[in-house]
Amino acid sequence: MSVIETDNLTKRYGRSLAVDGISFTVERGQAFGFLGPNGSGKTTTIGMLLGIINPTAGEIRLFGLTGRRGLHQARQRIGATLEAPNFYPYLSGLDNLRIVANVKGATRKDIDETLEIVRLRDRARDRYQTYSLGMKQRLAIAATILADPELIILDEPANGLDPEGMREIREIIGTLADRGKTIFLSSHLLWEVERTCTHVAIIKKGRIVRHGSVREITSGNTTVEIRGGDVDTLHAVASDYPAAVRTVRSGDAVVVELADDDTAALNAFIAGRGIYLSHLAPRPRSLEDAFMELTGAATAPTFGGAQ
Amino acid sequence: MIRAMVLNEWIKLRRRPAFLVTLFTFVALLGLMFGEAFVREIQSGEGRFSLPGSWDDILTEPAPLTLLFSAAILILLVTSEFAWRTARQNVIDGMSREQWFAAKLLLVPVIAILFVAAQAGIGGTLAALATDLRAADSALVGQHDLHALAGLTLSALGMAALAFCFAFVVRGPGPAIALFFLYIGVIEQLVLTTLLRRWDALAPAVRYLPSRVFFTLIEDTQYYPEAVARAVAAAEKAGRAAPVFPDTGALMTAAAIYTVVLVGVAYLVYRNRDL
């Protein structure tokens, strides 16, 4: 059963098209990653799903329900945070959760259990404004999972966190995924998404450029990492190799994407140019590789040579 | 959901420093105003601050403060929900947009009535303490007093609705308060009044501009014949024409209509904008 379905969803701000007719589906039990560069339309799309941004056109169906009343009913089965945690700064974490619990129909016992999950029980009576960023994010997750929602939507849950905070958030998301919750995760941290999600959609300039399982998206040509001699010379030689689809410098190594899987021929070609490799190893294609390729993100390593 | 809405507004309100400080300041100002009259009355025993005669002063003198304090705090309470993005979070958490609007709308009568009750309660209590109740030969609250209280309440509701509308249109606490005071102090009093007076046919409409209606409704001349007589005598003494006072019933109707229209405008603005 589809938990989220969008059909030709569009949002226009004046002349600017923030979301350009996107259509995608999230099935029950999926951990779905929603990826895209900054300003690609991720948060606007999530805002429309959650009913806080009015779509210009298109249709949203949540849990099979549509229309104003149907979507409101469906949204009661969702727990979500959008961008930064949004709470009343002068209230305690506990009072903030009470407000959420009153709306969701959750009990005090639910609040206590949730505080336990996000490890905030000891600081629950402190004012929200005294919390660290990590604690604020954990409180946001607590509010999200309160009353055991069927669908959890998290927009950049690890934003601004230190490695320890990120690890905590990753563990919580992992626990939720293990419980069989449907998770819709928007994040810049591609390796996090790759570890957590089963399916992804990649959005660029308001359009979905790829949509499918992580395995489908990361499958592709054989990629190898090679080392030997001067890296610039090696990069230039590898770029001349006829079966090289793309080459990229990566530290003291060069990563070569091949049109075939004949690594011996690559080795022989480079040796023929007077360079003897000290290292040649296959490198699995990561979600980050796929993301960079599909979005041409500025943060990507610059591919050259045979590109 | 109504129970949840009321509970949540109560949790937010009772711990909100801005609300508590505003209410405390308002009560302190009332205490100073009525306290001084009370002390004078205790010392002199002249009956100038006693019931039922002092309801006129109690209900009308501090009323502009009541209107402005309640409007300012209402703007703060609504706009902070946009500034902290808790408005969008409340909707994300499961309220419909209409329910969230209704929850904020609850604040209009609550704040208006709370501030009016503080004014009437503190003034009335101190005046009652200064009155020899055993010697009182008439009811402690008269018909005119009840009319004045109704007018004050309606006026506070109307001003709160005006503030509510500004809060939804502007959304930022500082700009909303600044624009609200700019509107009632400059735009309506000077600009609109000047413009309307240029056309004879529109000149009578000046007295029915929103804040003019709300402020006229808290004047004692709308309810107390003695106040009207004093105003007429003062005009005669100054050599001016006798003042004409607008019909109180028409003003109350206008105030009620404005209250509904302003809330309606706030809703339309809210509905058509993203959170």
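For the protein sequence lines, the chains are Y and Z, in the order given.
Take the first sequence: its position 164, counted from the start at 1, is 164 in this note's numbering, and no numbers get skipped.
Take the second sequence: its position 102, counted from the start at 1, is 102 in this note's numbering, and no numbers get skipped.
Backbone N, C-alpha and C define an ideal beta-carbon position, used for all residues, glycine too.
- Counting only runs of 3+ residues, the beta strand (DSSP E) found wholly inside the region 192-262 of chain Y occupies 199-204, 207-213, 223-227, 244-250 and 253-258, in chain order.
- Rounded to the nearest angstrom, the gap between the Cα atoms of leucine 59 of chain Z and leucine 20 of chain Z is 23 Å.
- The count of Cβ pairs closer than 8 Å, one atom from the region 28-35 of chain Y and one from the region 188-197 of chain Y, reaches three, so the stretches are in contact.
- With the rule of 3 Cβ pairs closer than 8 Å, the region 211-227 of chain Y counts as touching the region 242-259 of chain Y.
- For alanine 57 of chain Y, the pairing in a beta bridge is given by DSSP as Y:Thr10.
- For threonine 259 of chain Z, the uninterrupted alpha helix (DSSP H) run begins and ends at 248-272, by DSSP.
- Non-local beta-carbon contacts of valine 209 of chain Y in its own chain, meaning distances under 6 Å to residues more than five positions away in sequence, involve Ile202 and Leu294 in chain order.
- Relative to the Cα of aspartate 247 of chain Z, the nearest Cα in the group Z:Pro204, Z:Leu126 and Z:Ala83 belongs to Z:Pro204.
- Between glycine 165 of chain Y and alanine 28 of chain Z, the alpha-carbon positions lie close to 47 Å from each other.
- Counting the other CB atoms within 10 Å of its CB gives isoleucine 217 of chain Y a total of 16 or more, which places it among the buried residues.
- Within the region 149-176 of chain Z, contact with chain Y at the beta-carbon level (separation under 7 Å) is assigned to no residue.
- Per the DSSP secondary-structure output, glutamate 27 of chain Y pairs in a beta bridge with Y:Ser2.
- Taking the C-beta atoms as reference points, glycine 142 of chain Z is found nearer than 7 Å to proline 52 of chain Z.
- Taking the CA atoms as reference points, methionine 48 of chain Y sits about 41 Å from threonine 66 of chain Z.
- In the DSSP secondary-structure assignment, histidine 279 of chain Y is bridged to Y:Arg227.
- When only Cα atoms are considered, alanine 163 of chain Z and valine 200 of chain Y end up about 46 Å apart.
- Its chain contains Leu23 and Ser70 as the residues whose beta carbon lies nearer than 8 Å to that of leucine 114 of chain Z, once the 5 sequence neighbours on both sides are disregarded; these appear in chain order.
- The beta carbons of lysine 11 of chain Y and threonine 66 of chain Y sit no closer together than 7 Å.
- Contact with chain Z is found for valine 103 of chain Y, since one of that chain's Cβ atoms lies less than 7 Å from the residue's Cβ.
- Using a CB distance cut-off of 7 Å, valine 91 of chain Z counts as an interface residue toward chain Y.
- Against chain Z, a Cβ distance below 7 Å from glutamine 76 of chain Y picks out Gly94.
- Pairing isoleucine 184 of chain Z with threonine 193 of chain Z, the inter-Cα distance amounts to about 11 Å.
- In terms of Cα proximity to valine 78 of chain Z, the closest of Y:Ala74, Y:Tyr88, Y:Gly79 and Y:Glu83 is Y:Tyr88.
- In this structure glycine 212 of chain Y is exposed. Its beta-carbon is surrounded by fewer than 16 other beta-carbon atoms within 10 angstroms.
- With contacts defined as CB atoms closer than 7 Å, glycine 51 of chain Y and threonine 144 of chain Y fail to qualify as a contacting pair.
- By a beta-carbon distance limit of 8 Å, leucine 140 of chain Z does not contact valine 108 of chain Z. Their separation comes to about 30 Å.
- DSSP, read as helix, strand or coil, puts glycine 33 of chain Y in strand.
- With respect to chain Z, the C-beta atom of leucine 65 of chain Y has no partner C-beta closer than 7 Å.
- DSSP places aspartate 155 of chain Y in the uninterrupted beta strand (DSSP E) bounded by 151-155.
- Here alanine 243 of chain Y is actually not in contact with aspartate 232 of chain Y; their C-beta atoms are around 21 Å apart, not less than 8 Å.
- Straight across, the Cα-Cα distance linking alanine 234 of chain Z with asparagine 8 of chain Z is about 51 Å.
- Here isoleucine 153 of chain Y is buried. Its C-beta has 16 or more other C-beta atoms within 10 Å.
- If you look at isoleucine 172 of chain Y, you'll find it in the alpha helix (DSSP H) that goes 163-178.
- Listed in chain order, the beta strand (DSSP E) elements of length 3 or more contained wholly in the region 139-175 of chain Z amount to none.
- Threonine 221 of chain Z: not part of any beta strand (DSSP E); DSSP gives it neither H nor E.
- Leucine 17 of chain Y is bridged by DSSP to Y:Arg12.
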